[in-house]
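From first to last, the protein sequence lines stand for chains A and B. Residues in the first sequence are numbered consecutively from 1, following UniProt numbering. Residues in the second sequence are numbered consecutively from 1, following UniProt numbering. Glycine residues also receive a C-beta, built at the ideal position from the N, C-alpha and C atoms. Quick caveat, the model's predicted, so the values are computed rather than measured. Step one of this worksheet: look at the structure below.
Number of protein chains: 2
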Amino acid sequence: MARSPHDTRRPLTLRDVSEASGVSEMTVSRVLRNRGDVSETTRERVLEAARRLGYVPNKIAGALASQRVNLVGVIIPSFSNLVFPEVLSGISAELENTGLQPVVGVTDYSAEKEERVLYEMLSWRPSGVIIAGLEHSGNARAMLENAGVPVVEIMDVDGAGVDAVVGISHRRAGRHMAEAIIAAGYRRIGFLGTKMPEDHRARKRLEGFNEGLAAAGIALVDTEFYSGGSALSKGREMTEAMLARSPDLDFLYYSNDMIGAGGLLYCLEKGFDVPGQLGLAGFNGVELLDGLPRKLATMDACRREIGRKAAQVVARRAGATADEAAGGVEEQVIELQPVIELGDTIRRP
Amino acid sequence: MARSPHDTRRPLTLRDVSEASGVSEMTVSRVLRNRGDVSETTRERVLEAARRLGYVPNKIAGALASQRVNLVGVIIPSFSNLVFPEVLSGISAELENTGLQPVVGVTDYSAEKEERVLYEMLSWRPSGVIIAGLEHSGNARAMLENAGVPVVEIMDVDGAGVDAVVGISHRRAGRHMAEAIIAAGYRRIGFLGTKMPEDHRARKRLEGFNEGLAAAGIALVDTEFYSGGSALSKGREMTEAMLARSPDLDFLYYSNDMIGAGGLLYCLEKGFDVPGQLGLAGFNGVELLDGLPRKLATMDACRREIGRKAAQVVARRAGATADEAAGGVEEQVIELQPVIELGDTIRRP
DNA sequence: CCCGGCTACGTTAGCGATAACAAGATGGGG
DNA sequence: CCCCATCTTGTTATCGCTAACGTAGCCGGG
């Protein structure tokens with residue numbers, strides 16, 4: 001509980017507990033970690049003393065001595081994009097009972113900052129690293145390769161990973177959406193997305209989308225990009241701008257659900273016939289948006305599942321010994337399959 | 001860069017770098033930390049060797065030796081509630097150039113889990129702790145008191161803090177909203193909120209709201225609570241249910257913007273006269289929702305700002321020596337003022 | 001030419017825990 | 001009654017790094 005009488009503010013150590021309970025530091029250590037044989041009576045004596053003093057073990061020292069760290073580094077581009085908190089939530093839930101703890105770093109979509117954050121993380125010798133994306137600077141890649149711990153690159157499987165990879169194919173996702181749109185009979189299609197060269201996944205989706213259209217002999221009629229601001233209202237504005245410019249469009253493909261929702265609200269207000277005259281689709285499948293007047297067509301990006309799976313991989317591998325980890329580097333790619341949800345904004349056959 | 005030829009997978013240490021560059025470990029340490037006097041030539045020689053080997057310092061050892069850790073523990077209830085990623089974003093931004101790094105733990109609104117997470121965090125001897133809320137278990141409170149590092153409790157100022165506190169008064173926020181609603185002439189008021197006894201802030205808002213109503217001789221006409229599911233569609237359902245039950249209501253106060261938005265969409269669809277016949281208000285001021293057909297009345301909870309301010313406090317105090325920190329415990333409460341935004345869903349005078 | 005005062009390093013001794021081994025108890029079988 | 005297996009506890013030696021102090025050179029002034 002509270003501090004003892006003679007509170008000199010010197011942080012407590014094993015020695016304090018050992019003196020208070022009349023056993024060696026080693027025995028205290030054993031009790032606190034539930035390791036090795038300790039008699040029931042001394043165990044209780046030790047626990048009582050630790051509780052009374054308010055002792056909190058020093059994992060720094062413990063980690064140094066045991067060469068074991070229960071931290072998993074997680075590197076994401078941003079907290080603002082709804083997607084990543086969801087991934088984190090999955091990781092956090094999955095790690096829950098493994099004794100591992102996530103440590104989060106943010107890159108703001110900057111490769112240089114990613115490098116710094118990664119360096120910082122590795123300097124804590126985590127048991128594993130989960131990092132968003134497959135595109136990293138040369139240095140970052142080298143660090144990941146030499147880290148000597150499991151590395152899981154998440155979100156995206158279109159490309160070569162360093163170690164394990166868990167995600168979806170954004171290229172294929174874009175392509176499938178194009179096919180679904182064409183199958184529904186739409187032909188004059190516009191694209192609305194973010195102005196982020198750093199967002200490789202959005203880029204790949206667009207590339208795949210264009211491939212899908214091309215395969216049917218179609219090309220995008222118009223495109224519009226934005227940056228910053230509230231996605232919902234940006235979606236509105238972009239939609240208005242694009243429809244003013246290209247009034248004959250019959251489909252709008254948005255690079256994410258939030259701007260798509262903005263567009264949907266705009267179209268409904270204007271009284272457009274959705275999905276008859278004008279179809280709409282977004283990407284991500286954010287649950288947040290269930291409850292809009294119509295359900296926006298989208299593809300679920302499996303965010304939480306990606307987090308869970310990635311955490312599973314790390315947990316399993318981190319359990320293995322270093323030798324196993326170094327030896328049988330079972331290179332693995334877990335590709336999840338996003339499912340198209342036509343919702344109410346794509347014509348049904 | 002990459003690993004050297006004879007890659008035995010033994011993690012690199014200062015000694016490797018010191019041997020590779022022909023100086024002592026201490027000198028390498030100095031170079032890598034930019035500390036003390038080192039001649040330009042040896043500095044470069046060392047840096048070159050470190051880079052060539054791909055050396056990453058071991059902060060565990062460093063922290064143990066120097067008794068300094070550049071981590072700040074951040075404990076939040078959940079990633080799913082939009083609010084907390086925003087706070088994190090503020091913390092992360094503010095810590096950016098201080099050399100400190102946030103480490104996040106999640107409690108799922110459980111006091112017991114909060115205790116575990118806190119224990120875990122403190123065992124890494126962070127330079128500071130930022131924790132959501134003022135309500136903690138006895139053990140947790142004791143740990144915070146004895147941690148010997150700056151502690152900042154965030155979000156809420158209605159209660160007694162352990163050390164520093166940064167947040168808003170939810171009680172007052174509720175009261176002010178009640179006053180604004182009454183001032184606008186509404187009288188028959190319903191409340192819709194979450195069924196979470198653990199969410200103390202929502203509870204305090206409701207209490208304040210009731211106080212505000214009581215001061216005008218009014219009482220809530222109806223209340224409805226939900227848990228789980230997508231907030232937007234829950235907002236819809238609850239609103240429908242409540243209006244079916246109490247059709248004579250003239251105002252609906254929602255405990256957060258997401259359910260409020262759901263309610264707003266429902267009301268607009270049904271063709272209710274908002275805000276004339278029926279007024280609506282939420283809480284949080286989530287920017288995400290800019291772009292709805294009408295702007296929902298709300299109060300900005302200053303989430304990002306809370307994060308920034310909390311991080312500032314930690315950064316400043318962590319800079320001070322332990323003695324200063326222990327001595328001049330400048331107990332401080334930073335109360336931010338949420339501003340009512342009437343939006344389009346409360347009648348204007 | 002000696003000495004004080006830099007500058008640029010090196011040495012020594014931990015930091016607080018754990019691994020690995022050592023060594024008292026304890027008890028049961030021969 | 002002795003010996004060895006079984007339990008339980010203690011000892012010793014790191015883990016990789018840094019604080020604090022020590023010490024060669026080197027310089028210039030008296």
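Delimiting residues of the beta strand (DSSP E) encompassing residue i
i	result
B/Ile-75	71-76
A/Ala-281	279-281
B/Ile-346	Taken as a continuous stretch (DSSP letters only), B/Ile-346 belongs to no beta strand (DSSP E), as it is neither H nor E.
A/Leu-252	251-254
DSSP three-state assignment for residue i, whether helix, strand or coil
i	result
B/Ile-259	helix
B/Val-333	strand
A/Leu-268	helix
A/Asp-16	helix
A/Gly-285	coil
B/Gly-22	coil
B/Gly-36	coil
B/Gly-319	helix
B/Gly-291	coil
A/Gly-276	coil
B/Lys-309	helix
Close Cβ partners of residue i (< 7 Å) along its chain, the five nearest in sequence each way excluded
i	result
A/Ala-2	For A/Ala-2, the predicted structure reports a pLDDT of 44, less than 50, and the residue's modelled location is therefore unreliable. The matter cannot be settled from this model.
A/Ala-47	Note that residue 47 of chain A is Leu in the sequence shown here, rather than Ala. Here the set comprises Val-31.
B/Gly-312	Residue identity check: residue 312 of chain B is Gln in the sequence provided, not Gly. Correct list, in chain order: Glu-94.
B/Ala-63	Val-69
B/Leu-14	Glu-25, Val-28, Ser-29
residue 379 of chain B	Nothing about residue 379 of chain B can be read from this structure; chain B reaches only from 1 to 349.
A/Leu-292	Ala-261, Leu-264
Proximal residues to residue i (C-beta, below 6 Å), its chain only, five neighbours per side dropped
i	result
B/Met-238	Leu-192, Glu-224, Tyr-226
B/Phe-251	Ile-181, Tyr-186, Ile-189, Gly-279
A/Ala-50	Val-17
A/Gln-332	Ala-164
B/Val-339	Asp-300
B/Tyr-109	Pro-77, Glu-198
A/Gln-337	none
B/Glu-179	Gly-212
B/Ser-137	Ala-111, Glu-115
B/Leu-289	Asp-257, Ala-261
B/Ile-218	none
Contact test: residue i Cβ vs the ligand MG heavy atom, cutoff 7 Å
i	result
B/Ala-178	As far as ligands go, the structure on display features none, and thus does not contain the ligand MG.
Host alpha helix (DSSP H) of residue i (start-end)
i	result
B/Leu-32	25-33
A/Ala-49	40-53
B/Ala-301	Element bounds for B/Ala-301: n/a, residue is neither H nor E.
Sequence-distant residues of its chain with Cβ nearer than 8 Å to residue i (five each side left out)
i	result
A/Gly-36	Arg-30
B/Glu-305	Gly-90, Leu-336
B/Ile-168	Met-155, Asp-156, Val-157, Ala-301, Cys-302, Ile-306, Glu-335, Leu-336, Gln-337, Pro-338
A/Lys-195	Phe-225, Tyr-226, Ser-227
residue 350 of chain B	This structure cannot settle anything about residue 350 of chain B, because the visible part of chain B is limited to 1 through 349.
A/Arg-294	Leu-264, Leu-268, Val-274, Gly-343, Asp-344, Thr-345
Taking only runs that begin and end inside the segment 197-246 of chain B, name each unbroken alpha helix (DSSP H) of 4 or more residues, in chain order. 200-215, 231-245
May I have a chain-ordered list of the alpha helix (DSSP H) segments no shorter than 4 residues that lie completely inside the segment 57-124 of chain B? 59-66, 83-95, 111-122
Scan the segment 119-145 of chain A for residues whose Cβ lies nearer than 9 Å to a Cβ of chain B and list them as they occur along the chain. Tyr-119, Glu-120, Met-121, Leu-122, Ser-123, Trp-124, Arg-125, Gly-138, Asn-139, Ala-142, Met-143, Glu-145
For the segment 130-197 of chain B, list the alpha helix (DSSP H) runs that are entirely contained and at least 4 residues long, ordered along the chain. 138-146, 170-183
Closer than 7 Å between beta carbons: that is the criterion. Which residues of the UniProt domain "HTH lacI-type" (12-66) of chain A meet it against chain B? Gly-54, Val-56, Pro-57, Asn-58, Lys-59, Ile-60, Ala-61, Ala-63, Leu-64
Given a limit of 9 Å on CB to CB distance, which residues of the segment 287-309 of chain B reach chain A? Glu-287, Leu-288, Leu-289, Asp-290, Gly-291, Leu-292, Pro-293
At a CB distance below 7 Å, what residues from the segment 78-95 of chain B approach chain A? Give them in sequence order. Phe-79, Ser-80, Pro-85, Leu-88, Ser-89, Ser-92
Residues from the segment 229-242 of chain B in contact with chain A, defined by Cβ distance under 7 Å: Ser-230, Leu-232, Ser-233, Gly-235, Arg-236
Members of the segment 250-277 of chain B that neighbour chain A once the beta carbon cut-off is set at 7 Å: Gly-262, Leu-265, Glu-269
What are the residues of the segment 95-114 of chain B that lie near chain A, defined by any Cβ-Cβ distance shorter than 8 Å? Gln-101, Pro-102, Val-103, Val-104, Gly-105, Val-106
Return the residues of the segment 145-160 of chain A that lie within a Cβ-Cβ distance of less than 9 Å from chain B, sorted by chain order. Glu-145, Asn-146, Ala-147, Gly-148
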